[in-house]
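Residues in the sequence shown are numbered consecutively from 341, following our numbering.
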Amino acid sequence: MTETTVSVETAAEGILEALNLNGIDYVFGSPGSDDVPFWNHLEQFEDEGRTPGYVQCRHEKLAVDMARGYAMMTGDPQVVKLHVTVGPLNAALGIWGAYASETPMVILSSYVREHEGETAGGPYDLDFHQPGGHENNFQRYLKWMSSVETSESIADYVARAVRLARSSPGGPTMLTLPKEVPFEDVGELRISADEPAAPTVPSPGTLSEIAEILESAERPVAIAGGLGSDRSAVEALVSMAERLEMGVFETPKLRHSFPMDHPLYLGNSAYGVRHRGDQVLEDADAVFVVDSPIPWYPPRGSAPDADVVFLGTDPVQQRRANWGYPADVVATGDSAATLPLLLDQLSDGTADGDGHWRSRHDEWRDRWADRVDAGSDTDAIDPFRAASTVDELVPDDAIVVNETIDHGSCVSNLIDDGDDRRYLSPERENAGGLGSGLGLALGSKLAEPDRTVTLLTGDGSFNYNPVQAAFGAIQEHDLPILVVIFNNEGYQVMSAAFAKDYPDRMNVTETHGTPITPTPDYALQAEAWGAFGETVTEPDDVRPTLERALEAVAAGRPALVDLRMPSRPIEDHP
341 MTETTVSVET AAEGILEALN LNGIDYVFGS PGSDDVPFWN HLEQFEDEGR TPGYVQCRHE
401 KLAVDMARGY AMMTGDPQVV KLHVTVGPLN AALGIWGAYA SETPMVILSS YVREHEGETA
461 GGPYDLDFHQ PGGHENNFQR YLKWMSSVET SESIADYVAR AVRLARSSPG GPTMLTLPKE
521 VPFEDVGELR ISADEPAAPT VPSPGTLSEI AEILESAERP VAIAGGLGSD RSAVEALVSM
581 AERLEMGVFE TPKLRHSFPM DHPLYLGNSA YGVRHRGDQV LEDADAVFVV DSPIPWYPPR
641 GSAPDADVVF LGTDPVQQRR ANWGYPADVV ATGDSAATLP LLLDQLSDGT ADGDGHWRSR
701 HDEWRDRWAD RVDAGSDTDA IDPFRAASTV DELVPDDAIV VNETIDHGSC VSNLIDDGDD
761 RRYLSPEREN AGGLGSGLGL ALGSKLAEPD RTVTLLTGDG SFNYNPVQAA FGAIQEHDLP
821 ILVVIFNNEG YQVMSAAFAK DYPDRMNVTE THGTPITPTP DYALQAEAWG AFGETVTEPD
881 DVRPTLERAL EAVAAGRPAL VDLRMPSRPI EDHP
C-alpha cells in the first residue's frame, strides 16, 4: 500500500491525483458538460508531463473499446469518463464486452442531485438522474459499483475501484458521483494505492489430482482460449505440453494461447470445437480445459469420452445462465499463477507419446496450405489466400485484431500469431457483440505505438463500428493502423442460418437480413480522414495493394483496403 497527502484545489484535481498514484496512464472520454472540472486540471497534468493523459473520443463506445484494447496489451486498467446517464447507455456494449472478457477498467460517470440555487444547471439536468441511479442499468455487467456523495472520501473510492478492477478475474468497475462534487473545494486530500488481491490457485491436493489425470493419459489434449493476456501462462502451457506430449487446440480463440508453429499445436476455431476439432476430442483420453469458457457445443451432447479437467478464474461460468459442462475436476485458479505450480507436480522428463498429436499438427498445416493453394486458381479474391497473404506481409511483431465472422476461423488458422505477435478477437471477447474492432485496434496501437496494428473485419462487422468516430481518433491522436475489409457484401452467417432452417429455399443470399447493398465506397470514406484507401476486386492486385497500404502505415498514414469477395458461404474448416 502506498499513501500520501496532496494539496489540491478541487475534488476533480484530487481524483486525478488519486489516478496518478494508482498508475493510470489515460482517461478516455467522449465529451460531456460534466467533464469541465476534469479538463481544467488535465491540461495542467499534461503540461507537467504527468499522468493521466486525456484521449478524446467522438463516441462513448469507442472510448470504452480503446480503454479495453490498451488494457489487453498492458494488463493495466484505464479510466473511461462517460457523461451522466446517456454516456454509459451509448457505451453499454463495450462495458458488457469488458465484463465478458474480464478486462480491467474504471468507469466514472455522474448524475445531477441539485436543481435549485446557484449550482443548478438547467432544465435538461432533470433528465440526468433516474430513480435507482446507474445501478439499475449496469450493475449486472460490472464487478463493483458505488456512488460517492461527498469529496471527503473520493480518493479512497478511486483506490478501491482500481484495486477491484485489477484483482483476478479482472473486469469493469464504476464510480458515480454527483455532478456538483468535482467542483467542491478540498485543500488537503489523503490518497492511496492498494495492491490487488493475490491470484487464486487450486489446493495442493487438487493440483496433484490434475497432474495424475494428465500423466496417466496416453493422449492428453488441452483446450485453451485466452491465456495470451499473460505470456507466462503461455510459456507454462508449452512446457506442460512438451512434458506430457499433450496436443493443444485453441477455442474459442480469444488471444494467443500456444505457438501455432509448435509440433503439438492442433489448430483452432473461432467459435468452439467443431468440425475438425471434434476429432481432437474423439482421440483424447484426458481433456484439460484452461481459460476456455465454451470448449465444445452442446455442453453434454458433445462431451468427450475422457477424463475432463476445467481450470479458470471462474471455471463453472457463474456469469452464464446455462452452462452444464460435465467434468471430473473443476479447479478455480488464475492460469498464469497455476500452470507453473502444475508443471512442478509433473514428473521430470518427457512422456513417451505415439506421435499422434504431432501427425495431427502436420495434417492441420497441410489441410490449410492445400486450401490456400486451391484459392490461387479462382477468378475472384479467395479469402483463404487473402488471409495467407496478410500473414506473409504483416511484421512478425504485429498486433492482429480479427473481427471477421464468416471468415473467422479462416483468419485465425492462417495468420500465425507467433511468440512476437499479439492476437485479439473482439467478437468473441464481446460474447457475440460486433463493432469493437476499431476501438480495440486503436487502444492497442496507443499502448504499443511501435507495432503495426492490423484489423481484419467483415463488412458486416465494420458497419457495426463507430467508423467516423474511430477514423477521427486515428487522425486526432496519430494512431495509424491498417484496416482490411473481407467484403462479401452481406451477412453470410445469416445466409447460412437461413439455408440451415429452410434448406429448400433458393437465393438465401438475397433474403431479408442477409445482403449489405448497395455497397458503399469504404476506401473513399477512409480518404476523407486522410487515410490511404483502395478497393480491390482482382486477385492479382491483393498483394501489391496490401504492400502499398503497409508502406503508408509505416510512414504514419492509416490505411484501409476493401477486398471484394464472392457473396457465398465458405467452409469454416477445410
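Here a beta-carbon is modelled for each residue, glycine too, at the ideal position from N, C-alpha and C.
Please go through the same chain and pick out, in chain order, the residues whose beta-carbon is closer than 8 Å to the beta-carbon of residue i, but skip the five residues on each side of it.
| i | result |
| --- | --- |
| Leu890 | Leu733, Val734, Thr792, Leu822, Ala899 |
| Thr546 | Val669, Ala671 |
| Gly304 | Examination of residue 304 is not possible in this model, given that the chain is present from 341 through 914 alone. |
| Ser579 | Leu683 |
Determine the DSSP secondary structure at residue i, reduced to helix, strand or coil.
| i | result |
| --- | --- |
| Arg762 | strand |
| Val629 | strand |
| Lys483 | coil |
| Glu520 | coil |
| Ala564 | strand |
| Glu383 | helix |
| Arg660 | coil |
| Glu590 | strand |
| His362 | Residue identity differs from the one stated: residue 362 is Asn in this sequence, not His. Asn362 falls in the coil class under three-state DSSP. |
| Arg530 | strand |
| Arg904 | strand |
| Met445 | strand |
| Trp869 | coil |
| Val346 | strand |
| Ile739 | strand |
| Thr317 | An answer regarding residue 317 cannot be provided, because it is not within the stretch 341 to 914 covered by the chain. |
| Gly545 | helix |
| Glu874 | strand |
| Asp375 | helix |
| Ala899 | strand |
| Tyr842 | coil |
What's the gap between the Cα of residue i and the Cα of residue j?
| i | j | result |
| --- | --- | --- |
| Pro644 | Leu621 | 6 Å |
| Arg616 | Ala440 | Low confidence applies here, because Arg616 scores a pLDDT of 47, under 50, leaving its location unreliable; read the following figure in that light. Distance between the alpha carbons of Arg616 and Ala440: 27 Å. |
| Ala407 | Pro417 | 8 Å |
| Ser716 | Gly695 | 32 Å |
| Gly389 | Gln396 | 18 Å |
| Gly607 | Leu903 | 25 Å |
| Ala691 | Glu549 | 18 Å |
| Leu429 | Ala863 | 31 Å |
| Gly693 | Glu555 | 11 Å |
| Glu767 | Asp731 | 20 Å |
| Pro789 | Leu819 | 8 Å |
| Glu878 | Tyr831 | 22 Å |
| Pro635 | Arg480 | 24 Å |
| Val915 | Ser835 | Beyond the ends of the chain as shown, which are 341 and 914, falls residue 915; an answer cannot be given. |
| Leu604 | Ser597 | 13 Å |
| Thr342 | Arg500 | 13 Å |
| Pro494 | Val488 | Checking the sequence, you will find Ile at residue 494 rather than Pro. Distance between the alpha carbons of Ile494 and Val488: 7 Å. |
Hey, would you say residue i sits closer than 8 Å to residue j, going by beta carbons?
| i | j | result |
| --- | --- | --- |
| Arg725 | Val740 | no |
| Ala810 | Gly779 | yes |
| Ala537 | Ser507 | yes |
| Val561 | Gly568 | no |
| Ala624 | Arg698 | no |
| Val498 | Ala358 | yes |
| Asp746 | Gly783 | no |
| Leu754 | Trp708 | yes |
| Ala564 | Glu585 | no |
| Gly566 | Asp631 | yes |
| Asp525 | Thr350 | yes |
| Leu679 | Ala576 | yes |
| Gly758 | Asp570 | no |
| Asp405 | Ser765 | no |
| Gly409 | Ala781 | yes |
| Glu905 | Ala714 | Note on identity: in this sequence residue 905 is Met, with Glu being the wrong assignment. No, these two residues do not count as a Cβ contact at 8 Å. |
| Val452 | Thr490 | no |
| Thr718 | Arg883 | no |
Can you list, in chain order, the residues of its chain whose CB lies under 6 Å from that of residue i, leaving out five sequence neighbours each side?
| i | result |
| --- | --- |
| Pro639 | Gly664, Tyr665 |
| Val751 | Ala727, Asn742, Thr744, Leu796 |
| Asp647 | Ile553, Ala626, Asp668 |
| Thr391 | Asn360, Asp365 |
| Arg530 | Thr345 |
| Thr802 | Inspection of the sequence shows that residue 802 is occupied by Phe rather than by Thr. Contacts found: Ile825. |
| Glu874 | Ala863, Thr885, Val901 |
| Glu484 | According to the sequence provided, residue 484 is Trp. The question's Glu does not apply to it. Cβ neighbours of Trp484 beyond the five flanking positions: Leu504, Thr513. |
| Leu557 | Reading off the sequence shown, one finds Ala at residue 557, where the question assumed Leu. Once the five neighbours on either side are set aside, the close Cβ partners of Ala557 are Asp625, Ala626. |
In its own chain, which residues sit with a C-beta less than 7 Å from the C-beta of residue i, not counting the 5 before and 5 after it?
| i | result |
| --- | --- |
| Ser450 | Asp374, Val424, Thr516, Leu517, Pro518, Lys519 |
| Gly427 | Ser370, Gly372, Glu400, Ser449 |
| Ser687 | Glu555 |
Is any non-hydrogen atom of the ligand ZN found closer than 7 Å to the C-beta of residue i, if you look at the structure I gave you?
| i | result |
| --- | --- |
| Arg883 | Among the ligands in the structure shown, none appear at all, so the ligand ZN cannot be discussed. |
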